[in-house]
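Novice: For the record, the sequence lines run as chains A and B. In case it helps, the working numbering puts the first sequence at residues -5 to 111. In case it helps, the working numbering puts the second sequence at residues 2 to 214. Quick reminder that beta carbons are idealized off the backbone N, C-alpha and C, glycines included.
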Amino acid sequence: MVSEDFESRDFEERARALFEESVERLDARTRSKLTQARNRALDEVTKGAARRRWIWAPAGGFALAAVVAVGIVLSSGRTPQQPAPAALEDLEIVADSENLDLLQEQDVEFYAWLDEQ
Amino acid sequence: MPASVSLAAFAGPLATLRWDDGAQASVEEPILEQARALDRFLASIEKRAFRMARIALRHDDDALDSVQDAMLQLARRYGRRPTQEWRPLFYRILQNRIRDCQRRRRVQARIMAWLPGLKSQEDAATATADQYAAVPDRAPLPAEQLATEQALQALERSLAELPGRQQEAFMLRVFEGLDVAQTAAAMGCSEGSVKTHYSRAVHTLREQVGGAW
């Protein structure tokens, strides 16, 4: 059993040594192709980072647009409420025909009296 | 006084410029560091990965394609994972690529068997493309190198004949030096299965090539 384990380890070491030697003897063309493949993979890292940045850009744009829209809605809701009572009062005075008639009659008499003086 | 005003006027944009550069650098620094780490990792394994793919596929270009695909997939999908996870992940992707390629070949072989006309055309095209590929190198090899070369060829032949899972287990454990847990992660199976595949592979290989060594 022990000798079998020893033989097995010996076999593995021999296999590993042969393999490492074959790796060291790789030809220049293959080495060059592997370097090119590695560079392509590294490009993917930087491109991926740029892509992730651009994926968040529309989301940021939408968030900004939503904030602006909410701001506009809130500000436009508040401003018409303040002048509303004054505008309604003015409208009531103008629409009241009795007051207008009275005012016109008073003015005519006043101007007639003034003319006599 | 005017001097201090002009200084302040220039100091503002300069300070802003410096802050922008610093912010950009701080954003890009982790990406550069990740790219450098990935470069070191891929450079450390690419040749062995190619040789393993070459043994499994027995074809240079297919082996190169598989390694390249595995590198791209690792960078694309797992580049942001901790570096200690890269090795099992890379070999898992590579083994999947190798299996895909072997499956594709089997399908092609089946189609070619049905279309003998196509097969003969393909053979003719291959023969025309590389007429001297099978011609042995005339330069004589030194005896020791020749013996090593023959031993390696015998090992590769026997490895190529092993069932796929045994082949993977042997190459990952012996050639790549992964432990049982890492090999299991790379092969996508249990540690018990790795031990079984590995011991069967060693037994078969020792029977076939052990005597020749």
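Which residues, taken in chain order from the stretch 144 to 156 of chain B, show a beta carbon closer than 7 angstroms to some beta carbon of chain A?
Specialist: Near chain A, meaning a CB-to-CB distance below 7 angstroms, the residues of the stretch 144 to 156 of chain B are 149, 152, 153 and 156.
Novice: Rank 192(B), 188(B) and 172(B) by C-alpha distance to the C-alpha of residue 181(B) and give the top, closest one.
Specialist: For the purposes of this step, residue 181(B) is taken as residue 180 along the second sequence, with counting starting at 1. Comparing Cα-Cα distances from residue 181(B) to each of 192(B), 188(B) and 172(B), the minimum goes to 192(B).
Novice: Residue 204(B) by DSSP, collapsed to three states: which one?
Specialist: Looking up residue 204(B) in the second sequence gives position 203. Three-state result, residue 204(B): helix.
Novice: Could you name the residues of the same chain whose beta carbon sits closer than 6 angstroms to that of residue 24(B), not counting the 5 residues immediately before and after it, in chain order?
Specialist: Taking the second sequence and counting its residues from 1, the one referred to as residue 24(B) is at position 23. Because the pLDDT at residue 24(B) is just 49, under 50, the model does not fix this residue reliably, and the value given afterwards should be weighed accordingly. Contacts found: none.
Novice: Drop a sphere of 10 angstroms on the beta-carbon of residue -1(A), count the other beta-carbons inside from all chains shown, and report buried for 16 or more, exposed for fewer.
Specialist: For the purposes of this step, residue -1(A) is taken as the residue at position 5 of the first sequence. Exposed is the call here.
Novice: Below 8 angstroms, can you find three or more Cβ-Cβ pairs linking the stretch 26 to 40 of chain A to the stretch 197 to 211 of chain B?
Specialist: no
Novice: Is residue 41(A) close to chain B, meaning its C-beta is less than 7 angstroms from at least one C-beta of that chain?
Specialist: Along the first sequence, read from residue 1 onward, the residue named residue 41(A) stands at position 47. No, its Cβ sits nowhere closer than 7 angstroms to a Cβ of chain B.
Novice: Is it buried or exposed for residue 56(B), if we count other Cβ within 10 angstroms and need 16 for buried?
Specialist: Taking the first residue of the second sequence as position 1, residue 56(B) is located at position 55. Residue 56(B) is buried by the Cβ-count criterion.
Novice: Give the range of the alpha helix (DSSP H) segment to which residue 181(B) is assigned.
Specialist: Position 180 of the second sequence, counted from the start, is the residue given in the question as residue 181(B). 181 to 188 is the extent of the alpha helix (DSSP H) around residue 181(B).
Novice: Beta carbon of residue 195(B), beta carbon of residue 184(B): below 7 angstroms?
Specialist: Sequence index remark: in the second sequence, residue 195(B) carries index 194 (1-based). Sequence index remark: in the second sequence, residue 184(B) carries index 183 (1-based). In this structure, residue 184(B) lies closer than 7 angstroms to residue 195(B) by Cβ.
Novice: Using a Cβ-Cβ cut-off of 7 angstroms, state whether residue 3(A) counts as contacting chain B.
Specialist: Counted from its first residue, the first sequence places residue 3(A) at position 9. The beta carbon of residue 3(A) sits no closer than 7 angstroms to any beta carbon of chain B.
Novice: Can the beta-carbon of residue 54(B) be found less than 7 angstroms from the beta-carbon of residue 45(B)?
Specialist: Indexing the second sequence from 1 puts residue 54(B) at position 53. Indexing the second sequence from 1 puts residue 45(B) at position 44. No, the pair does not count as a contact, with Cβ atoms beyond the cut-off.
Novice: If residue 175(B) and residue 1(A) are in contact, beta carbons under 8 angstroms, what's the gap, nearest whole angstrom?
Specialist: Within the second sequence, residue 175(B) is the residue found at index 174, counting from 1. Within the first sequence, residue 1(A) is the residue found at index 7, counting from 1. Going by Cβ atoms, the distance from residue 175(B) to residue 1(A) rounds to 15 angstroms, so no, they are not a contact pair.
Novice: Closer than 8 angstroms by beta-carbon distance: list the chain A residues that pair up with residue 181(B), in chain order.
Specialist: The residue labelled residue 181(B) in the question sits at position 180 within the second sequence. Residues of chain A with a Cβ closer than 8 angstroms to the Cβ of residue 181(B) do not exist; the shortest Cβ-Cβ separation is about 14 angstroms.
Novice: Going by alpha carbons, who is nearest to residue 39(B) out of 163(B), 190(B), 77(B) and 49(B)?
Specialist: Translated into positions along the second sequence, residue 39(B) becomes position 38. Ranking 163(B), 190(B), 77(B) and 49(B) by CA distance to the CA of residue 39(B) puts 77(B) first.
Novice: Starting from the C-beta of residue 95(B), find all residues in its chain whose C-beta is less than 7 angstroms away, skip the five residues before and the five after it, and write them out in chain order.
Specialist: The residue you call residue 95(B) lines up with position 94 of the second sequence. So the list reads 50, 54, 67, 68 and 71, once near-sequence residues are dropped.
Novice: In chain order, what residues of the same chain lie with their CB nearer than 6 angstroms to the CB of residue 70(A), ignoring the 5 residues before and after it?
Specialist: For the purposes of this step, residue 70(A) is taken as the residue at position 76 of the first sequence. Cβ neighbours of residue 70(A) beyond the five flanking positions: none.
Novice: Would you call residue 32(A) buried or exposed, if buried means 16 or more other Cβ atoms sit within 10 Å of its Cβ?
Specialist: Here the question's residue 32(A) lines up with position 38 in the first sequence. Buried: at least 16 other Cβ atoms inside 10 Å.
Novice: Per the contact definition of three or more C-beta pairs closer than 8 angstroms, is the stretch 144 to 155 of chain B in contact with the stretch 6 to 19 of chain A?
Specialist: The answer is yes - the stretch 144 to 155 of chain B touches the stretch 6 to 19 of chain A, with three or more Cβ pairs under 8 angstroms.
Novice: Who are the Cβ neighbours of residue 189(B) in its own chain at under 7 angstroms, not counting the five residues just before and after it?
Specialist: Against the second sequence, residue 189(B) aligns to sequence position 188. Counting only Cβ-Cβ distances below 7 angstroms, and skipping sequence neighbours, we find 93.
Novice: Name, going along the chain, the residues of the stretch 47 to 63 of chain B whose beta-carbon falls closer than 8 angstroms to a beta-carbon of chain A.
Specialist: 47, 48, 49, 51, 52 and 61
Novice: Enumerate in chain order the residues of its own chain whose CB-to-CB distance from residue 107(B) is below 7 angstroms, with the five nearest sequence positions on each side excluded.
Specialist: For the purposes of this step, residue 107(B) is identified with residue 106 of the second sequence, where counting begins at 1. Hits under 7 angstroms: none found.
Novice: Should residue 53(A) go down as buried or exposed, given a rule of 16 or more other Cβ atoms within 10 Å for buried?
Specialist: As a position in the first sequence, residue 53(A) is number 59, starting the count at 1. Exposed is the call here.
Novice: To the nearest angstrom, how far is it from the Cα of residue 43(B) to the Cα of residue 31(B)?
Specialist: Position 42 of the second sequence, counted from the start, is the residue given in the question as residue 43(B). Position 30 of the second sequence, counted from the start, is the residue given in the question as residue 31(B). Distance between the alpha carbons of residue 43(B) and residue 31(B): 18 angstroms.
Novice: For residue 115(B), count neighbouring Cβ atoms within 10 angstroms of its own Cβ and tell me buried if that reaches 16, exposed if not.
Specialist: Taking the second sequence and counting its residues from 1, the one referred to as residue 115(B) is at position 114. The C-beta of residue 115(B) has fewer than 16 other C-beta atoms within 10 Å across all chains shown, which makes the residue exposed.
Novice: List, in order along the chain, the chain B residues whose C-beta lies closer than 7 angstroms to that of residue 13(A)?
Specialist: In the first sequence, counting from the first residue as 1, residue 13(A) sits at position 19. Those within 7 angstroms of residue 13(A) in chain B are 52 and 176.
Novice: Kindly indicate if chain A contains any beta-carbon less than 7 angstroms away from that of residue 116(B).
Specialist: Taking the first residue of the second sequence as position 1, residue 116(B) is located at position 115. No, no contact with chain A.
Novice: If you draw a straight line from the C-alpha of residue 87(B) to the C-alpha of residue 59(A), how long is it?
Specialist: Position 86 of the second sequence, counted from the start, is the residue given in the question as residue 87(B). Position 65 of the first sequence, counted from the start, is the residue given in the question as residue 59(A). Going by the C-alpha atoms only, they are around 41 angstroms apart.
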